[in-house]
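Note that our numbering has the sequence shown beginning at 5, numbered continuously upward.
Just so you know, even glycine gets a beta-carbon here, dropped at the ideal spot from N, CA and C.
These figures come from a predicted structure and were not determined experimentally.
Scroll down for the structure; my scribbles are underneath it.
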Amino acid sequence: MRTISLLPEMNFPFHLKMSLNCQITSTVRNVNPWATFLGPLLSKILPNLVSPDLWLFEEPASITGAQDNATQAGYLSCIIRKLPEQQAKAPEEVLIPATGLYQTPSNDDRTYMEIFFGLNSLKKKQEWFRKYISLLLPAVIDPLVQYGIGFESHLQNIIVRVNSRTRELVGLAIRDMDGSRIHYPTFRCRAGYDLISGMAPGGHHILNDLRAVLHHVHKTLIQENAGHILYTLGLEPHGGWSIVRDELEKVLEPLAEHDGKVVHDFLLEETMPLYRFLGMRLFGRVTEDFEVNLPNFLLRGI
């Protein structure tokens with residue numbers, strides 16, 4: 005809604021992420037000033053830290069307002085986002101925003117992922133979902149455990165890479181540095197980069213509270229991505245959450261010497277805070293956390 009791509013004849017091969025003075029769900033969708041600092045910083049650092057298999061939508065440049073009031077400055081913010089460089093070397097791959105997978109055409113009850121990938125049986129849905137999760141979890145969990153980087157990995161930010169000839173999942177890309185939450189003690193120690201000196205004071209991206217970062221990842225990765233896809237495919241009563249747990253164990257077991265056990269124990273806690281978006285609107289708390297503890301989705305089916 006607020007990301008613009010220009011016509012090819014304009015010879016500007018970038019996307020523009022613009023501020024939108026409109027409240028959607030819990031917040032006004034402007035681009036906060038801290039995001040304009042963080043994007044270019046992480047775009048220089050992340051290629052050295054994440055697997056080459058995870059493509060990045062880098063943010064090479066940005067601008068924000070000079071006002072002392074962060075909200076007002078955010079109305080003027082803009083971020084330039086470029087397509088992954090690897091795409092030029094893999095012309096057979098197409099990029100599909102994951103949020104489009106569960107949409108349906110106007111003349112069909114099936115989702116696009118069912119149509120495009122031929123998911124016409126329970127077994128095919130389970131196999132495809134396992135493949136998707138086997139790509140998704142390492143892409144997000146590895147940087148989290150090793151460097152304290154918590155990507156905002158909901159369906160809008162995860163881009164599925166598909167071989168256009170075989171129609172097989174081959175990898176993922178990720179966008180929106182603004183959504184990242186970084187546990188700075190882990191990042192500073194293991195990655196060795198200084199983020200503080202390059203950031204404006206304030207903001208909510210760089211944190212000293214590891215649980216806050218893990219909660220952010222659980223919400224966006226487990227609840228808003230894996231959970232949404234498996235529910236749409238009808239896999240909740242057919243082993244969907246077991247698939248997620250199995251693949252999570254495969255990712256975290258080799259990382260136990262780092263913080264793998266800490267991440268494992270947190271993600272599998274009995275209860276997990278969930279945002280109450282309707283409550284935010286009813287009580288007018290649109291910029292504050294408004295949560296309730298509920299049984300952890302990840303434990304369903306045990």
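> Cβ of I226 within 8 angstroms of Cβ of F301?
Replying inline: Counted from its first residue, the sequence shown places residue 226 at position 222. Counted from its first residue, the sequence shown places residue 301 at position 297. Contact flag set, yes.
> Anyone know if the C-beta pair for A143 and I100 falls short of 8 angstroms?
Replying inline: Counted from its first residue, the sequence shown places residue 143 at position 139. Counted from its first residue, the sequence shown places residue 100 at position 96. For A143 and I100, no; Cβs fall outside 8 angstroms.
> Between the C-alpha atoms of V255 and M14, what's the straight-line distance to the nearest angstrom?
Replying inline: Numbered from its first residue, the sequence shown carries residue 255 at position 251. Numbered from its first residue, the sequence shown carries residue 14 at position 10. Approximately 43 angstroms, taken between the alpha carbons.
> Terminal residues of the continuous beta strand (DSSP E) containing V98?
Replying inline: As a position in the sequence shown, residue 98 is number 94, starting the count at 1. Start and end: 97 to 101.
>> Helix, strand or coil, according to DSSP, for M276 in the structure here?
In response: Mapped onto the sequence shown, residue 276 falls at position 272. Here M276 sits in strand by DSSP.
> Does the pairing of the segment 34 to 41 with the segment 72 to 86 give three or more beta-carbon distances under 8 angstroms?
Replying inline: yes
> Using DSSP with H/G/I as helix, E/B as strand and the rest coil, what is C82?
Replying inline: Position 78 of the sequence shown, counted from the first residue, corresponds to residue 82. The DSSP-derived three-state label of C82 is strand.
> Does the distance from the CB of Y106 to the CB of I233 come in under 8 angstroms?
Replying inline: Mapped onto the sequence shown, residue 106 falls at position 102. Mapped onto the sequence shown, residue 233 falls at position 229. Taking 8 angstroms as the Cβ cut-off, Y106 and I233 qualify as a contacting pair.
>> Rounded to the nearest angstrom, what separates Q76 and P64 at their Cα positions?
In response: To locate residue 76, count along the sequence shown from 1; it is residue 72. To locate residue 64, count along the sequence shown from 1; it is residue 60. Straight-line Cα distance between these residues: approximately 23 angstroms.
>> My output table needs one value for R165: the three-state DSSP class, helix, strand or coil.
In response: In the sequence shown, residue 165 corresponds to position 161, counting from 1. Here R165 sits in strand by DSSP.
>> Bridge partners for Q27 per DSSP, in chain order?
In response: For the purposes of this step, residue 27 is identified with residue 23 of the sequence shown, where counting begins at 1. DSSP lists V32 as partners of Q27.
> Relative to the C-alpha of P56, which residue among P147, E295, E253, N212 is closest?
Replying inline: For the purposes of this step, residue 56 is taken as the residue at position 52 of the sequence shown. Nearest C-alpha to P56: P147.
> Along the chain, where does the beta strand (DSSP E) that runs through H19 open and close?
Replying inline: Here residue 19 is taken as the residue at index 15 of the sequence shown, counted from 1. H19 -> beta strand (DSSP E) spans 18 to 22.
> When you compare each of E172, G238, Y188, D269 to N212 by their alpha carbons, which one comes out closest?
Replying inline: Here residue 212 corresponds to residue number 208 of the sequence shown, with the count starting at 1. Between N212 and the set E172, G238, Y188, D269, the nearest pair of CA atoms involves Y188.
> R185: which of F191, I153, A195, P205 sits nearest, CA to CA?
Replying inline: Along the sequence shown, one-based indexing puts residue 185 at 181. Among F191, I153, A195, P205, the Cα nearest to that of R185 is on I153.
> Should P17 and K93 be called a contact, given that it needs their Cβ atoms to be closer than 8 angstroms?
Replying inline: Reading the sequence shown from its first residue, position 13 is the one you call residue 17. Reading the sequence shown from its first residue, position 89 is the one you call residue 93. No, Cβ-Cβ distance for P17 and K93 is not below 8 angstroms.
>> Using a Cβ distance threshold of 8 angstroms, determine whether the segment 162 to 176 contacts the segment 47 to 61, with at least three qualifying pairs required.
In response: yes
> Using the C-alpha atoms, what's the distance from C193 back to P1?
Replying inline: It is not possible to answer for residue 1, since the shown part of the chain is limited to 5 through 306.
> Do the CB positions of G305 and G238 come within less than 8 angstroms of each other?
Replying inline: Taking the first residue of the sequence shown as 1, we reach residue 305 at position 301. Taking the first residue of the sequence shown as 1, we reach residue 238 at position 234. For the pair G305 and G238, the CB atoms are not nearer than the 8 angstroms cut-off.
> If we ignore side chains and look at the alpha-carbon of each, how far apart do R285 and E96 end up?
Replying inline: Taking the sequence shown and counting its residues from 1, one reaches residue 285 at position 281. Taking the sequence shown and counting its residues from 1, one reaches residue 96 at position 92. Distance between the alpha carbons of R285 and E96 is about 45 angstroms.
> From V98, N73, H219, pick the residue whose C-alpha is nearest to that of T170; which is it?
Replying inline: Sequence index remark: in the sequence shown, residue 170 carries index 166 (1-based). If we check each option's Cα against that of T170, V98 comes out closest.
> Taking the Cβ atom as the reference point for each residue, do I247 and Q130 lie within a distance shorter than 8 angstroms?
Replying inline: Looking up residue 247 in the sequence shown gives position 243. Looking up residue 130 in the sequence shown gives position 126. Contact: yes.
> Among the residues of its own chain, which have a CB less than 8 angstroms from the CB of S47, if the five just before and after it don't count?
Replying inline: As a working note, residue 47 is residue 43 in the sequence shown. If you ignore the 5 residues before and after S47, its C-beta comes within less than 8 angstroms of the C-beta of L60, E62, E63, P64, M181, all in its own chain and listed in chain order.
> Quick one, which of I8, V32, L173 has its alpha-carbon nearest M22's?
Replying inline: Here residue 22 refers to the residue found at position 18 of the sequence shown. Among I8, V32, L173, the Cα nearest to that of M22 belongs to I8.
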